[in-house]
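*Asks:*
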């Protein structure tokens, strides 16, 4: 048996240990190396010995299984020592520490495969350990740091920050100056309303079934909660009400558009798909920027058209409208799939069973739509809760959870308060996310067979068609106005005051904005490649292999998808601001942030692609003597390549449009386009902000177009899954 | 092709998936050059057993030996076996040539040798001239042949078949099974073959292991399992059978006298006296319309419940005092007997078998 791989990795580790500086900021050979540390601490001696053991086991004539077990022990202990040494010494890690740890971990993984402790061989073992370490360090550890900072001050456990933040009026205050009565009364009114709604069917003479009683309890509870929130104020209340309102509005609009998409007879149908792609390439807050142009104090609509001088749109109303504009396409994309997969044959079957249109809607269409609706609602609510730019730009000083995380740390310099806000936000989003996953699991029955049915979808009734199309036209017109004003805004001197044409903003960009845009693109590109590869690797490991800790890896990867950017941002600050893992102030932390923001996109596109590939292809390959790396190289990667490239482009786009996480991490010399746009907009340089935002959107459109093309060509020849 | 054929031995193989037991203490030996079929209904554990031999599943207990070596802990790619998949599992991004050359290329054989091995495998399976086609551009039968050629290109010691013909239409299936059997015998490869189609199993196997619920009910030649079923399940699954309660009343050396209702039959199976179940194959029963007067000595009276015309034969279900009997009879000169007709049934010992006490398990 060949043990060449352990020998190579051990050699790399030894070279790094003996030649490269262990910590950053220290130079001079040999004093800065890990080898030099061996004179001072036993841990470094252990690391060196573990690497030597790896070399010996790779070169020596040892039995395969035996050598594997020793490799696991040596690599495991060695990498633990290396990590421990980095943490204990508190100096930011350097190339020596990085490469030594990496090779020791790889040695342990190779050993796992060699000893037969992991099925699939050394590559799978090393990949599992590597992916786990990366996800652990850059997803779990920052979130744990948030948790830690919210319950510990100066190393001691305390409920101080938690109590202080939760009881502060900014967080939640059960009183509202606009209400003449106590919030309890409003809550009671809500509960009574819920009771009335829920008991109506019971009073109407139907027998109270279990479902009806559950619905009743839900309505009463929901009514009381909404009443309580309406009668209160504070960030928690604002965020929850906003998420609920935006969720309902966007889902309703999304459903309307999805119905049009599948069943409209009008030509406007064709405009739905392109419109739904716009938010992907637009940072959510850019619509907020355009919103100021139209509805701000000097806005074209509010001031120019109506002659008002109002700040009414700064506050929850403005944020809500901007979010509905930005997130409706998400609901549309979810629901379009559901509505399209509604099997027309089912409706025809119901009609032949004497169902009236009303009964058809109640007994067939609605139950099939319900999981999709819940899914869309929860997704939009998550986006609304996590949105940072719109509340900051349009909130008009009204507190929201996501902005308070930022303001607590940047304005009040209180990382503990920020951590508590982050924790609350994370808890809410995770709860919604897990709910959504449960619904998503149930959605699958909508597709039922996957066999195209002969039935044609029934077109919408003409009146409904016209009505919904009207709604869409209003939405589309508003979207076009917003984008139009954004593009125009870059060419006029001062919007609302001096509308003369100018190129000054764009000329200004040449020195202040363009370099930042290019640097952002460079960092995003650097991050997108490892993000897509790591995402695909995790998708492959979790779907195709069984190993201890698989669920944990899956859940951690999920965390990186669910965690709002602001929470990740505060987590990165808390985790990487000092000690052995210090990264703040470097470009590396931006790349890492981009990478782990983009990774979930890679995981999802990887999973979707792998789901299309029959597992017997890999089995056939392995029976033709190919091990896992050879199967990946010769079968899987060629087959998923389009998905891999699409995933890579989406990682890139997601990195370039994100703002909430990186706003915590930028430093002088390492600025990013979205952060720059946001800060210009905040300080009133709307023109320049609009110009840079326009460039960003156009640039990303040029990236997205090929990505969409590739995505559409992703279907494989059907022979891949022929039969059983 | 195979220099010396090897023996495959399964020793106490068990496989559990959570609470379900897919294979339960399977032990068998496939002799060198033999084609042994695992036959059973879906979910009987036959595919799981095959996948354990391939290395695609790890058994919960037991060992697998190939050619004298214990391969239980080896991954699939380290075993000298090839497999033909039910779905063929042809690589859609590779041509026919590249699919067949996949194995030799993985083993880094010299280019000339690869070309020779591929040409040989394609010639054996009658695929010359299709080298540059994509799998999607082939017919189902051709795809099946490519899968077989790909498995043969590595000159494996052991060939595994997982329902290789179930995606073909009936006529093609019949031709392909003949081809596979011919090829396997010519090359002298040890083969393990999984199918749920009893006709396929009877047609191509040296021996058949009839499986149900993770266990082997009977292991024997085609004649064994058809004429001397070990359990009611085997008798029922292979061919058709009626089961009648009976009693062995006497035994002498090589034969037994068996009482079934009012009649007594003589069977060449020296069973101990006591209650038994009589297995009756439809073709062992002759049917004739009842005439006035008593029935003939070994004639069981009954009444036709259902009758169907099948071209070559008439198929009847006859109600008798001891239970329903299925009958397949060449059509009589006066045509199909109508339902409701009173008839006499007589039995030829060639299609009869006895199940002893406890032989009804698994039914």
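Chains as they are written, first to last, in our numbering: chain A, 39 to 762; chain B, 21 to 383.
Positions of the beta carbon are idealized from the N, C-alpha and C atoms, including for glycine.
#1: Could you run through the stretch 640-667 of chain A and flag, in chain order, every residue whose CB is less than 8 Å away from some CB of chain B?
#2: Where does residue 664/A fall in DSSP's three states?
#3: In whole angstroms, give me the CA-to-CA distance for residue 300/B and residue 358/B.
#4: Quick check on the DSSP output: the beta strand (DSSP E) that includes residue 294/B runs from which residue to which?
#5: Does residue 36/B come within less than 7 Å of chain A when only Cβ atoms are used?
#6: Got a sec: which bits of the stretch 589-605 of chain A sit with their beta carbon under 9 Å from any beta carbon on chain B, in order along the chain?
#7: Counting only the same chain and skipping the five closest in sequence on each side, list residues whose C-beta sits under 6 Å from that of residue 368/B.
#8: Using the beta-carbon of each residue, which ones in chain A are nearer than 7 Å to residue 93/B?
#9: Nearest to residue 295/B by CA position, among 310/B, 317/B, 263/B, is which residue?
#10: Assuming contact is defined by CB atoms lying nearer than 7 Å, are residue 228/B and residue 221/B in contact in what I supplied?
#11: Are there 16 or more other CB atoms within 10 angstroms of the CB of residue 126/A, so buried, or fewer, so exposed?
#12: 7 Å is my cut-off, CB to CB: does residue 554/A come that close to chain B?
#13: Find the residues of chain A that neighbour residue 122/B, judging by a C-beta separation of less than 8 Å, and give them in chain order.
#14: By how many angstroms is the C-alpha of residue 335/B removed from the C-alpha of residue 95/B?
#15: Could you check how far apart the C-beta atoms of residue 725/A and residue 427/A are, in whole angstroms? I think they sit under 8 Å.
#16: Just confirm the distance between the C-beta atoms of residue 636/A and residue 692/A, as a whole number of angstroms; I'd bet it's less than 8 Å.
#17: Taking DSSP's pairing of strands, which residues face residue 326/B in a bridge?
#18: Only counting runs of 4 or more residues, tell me where the alpha helix (DSSP H) segments fall wholly within the stretch 132-219 of chain B, in order along the chain.
#19: Exposed or buried, residue 518/A, counting other C-beta atoms within 10 Å across all chains shown (16 or more means buried)?
#20: So what's residue 228/A in DSSP terms, helix, strand or just coil?
#21: Would you say residue 85/B faces chain A, with C-beta separation under 7 Å as the test?
#22: Quick check on DSSP: helix, strand or coil for residue 389/B?
#23: Within the same chain, show all residues whose beta-carbon is closer than 6 Å to that of residue 622/A, passing over the 5 residues directly before and after it, in chain order.
#24: For residue 492/A, which three-state DSSP category applies?
#25: Just tell me which of 139/A, 68/A, 666/A has its CA closest to the CA of residue 47/A.
#26: Which residues in chain A sit within 8 Å of residue 96/B, going by Cβ to Cβ distance?
#27: Closest to residue 138/B by C-alpha separation, out of 233/B, 126/B, 151/B, 127/B, would be which residue?
#28: How should residue 465/A be labelled, buried or exposed, when 16 other C-beta atoms within 10 angstroms of its C-beta is the threshold for buried?
#29: DSSP three-state label for residue 480/A, please.
#30: In terms of residue numbering, what span does the alpha helix (DSSP H) encompassing residue 715/A cover?
#31: Which bits of chain B does residue 159/A rub up against, with CB to CB less than 7 Å?
#32: Less than 6 Å between C-beta atoms, sequence neighbours within five positions excluded: which residues of the same chain meet that for residue 29/A?
#33: Helix, strand or coil: how does DSSP classify residue 283/B here?
#34: Taking Cβ positions only, does residue 196/B come closer than 7 Å to chain A?
#35: At a Cβ threshold of 7 Å, is residue 107/B touching chain A?
#36: Mind checking which residues open and close the alpha helix (DSSP H) that includes residue 634/A?
*Replies:* So, from the data block:
#1: 652, 654, 655, 657, 658, 659, 660, 661, 662, 663, 664, 665
#2: coil
#3: 22 Å
#4: 294-300
#5: no
#6: none
#7: 304
#8: 154
#9: 263/B
#10: yes
#11: exposed
#12: no
#13: 659, 662, 664, 672
#14: 51 Å
#15: Between residue 427/A and residue 725/A the Cβ distance is about 18 Å, and since that is not below 8 Å, they are no contact.
#16: 5 Å
#17: 337/B
#18: 160-172, 190-207
#19: exposed
#20: helix
#21: no
#22: Because chain B in this structure spans residues 21 to 383, residue 389/B falls outside the shown range and cannot be described.
#23: 614, 615
#24: Confidence at residue 492/A is low in this model, with a pLDDT of 47, below 50, so its placement is unreliable and the value that follows should be read with caution. Three-state DSSP puts residue 492/A in coil, outside helix and strand.
#25: 139/A
#26: 657, 660, 661
#27: 151/B
#28: exposed
#29: In this prediction, residue 480/A has a pLDDT of 45, which is less than 50 and means its spatial position is unreliable; nothing more can be read from the coordinates.
#30: 711-720
#31: 95
#32: This structure does not reach residue 29/A, given that chain A is present from 39 up to 762, and the question cannot be answered.
#33: strand
#34: no
#35: yes
#36: 625-649
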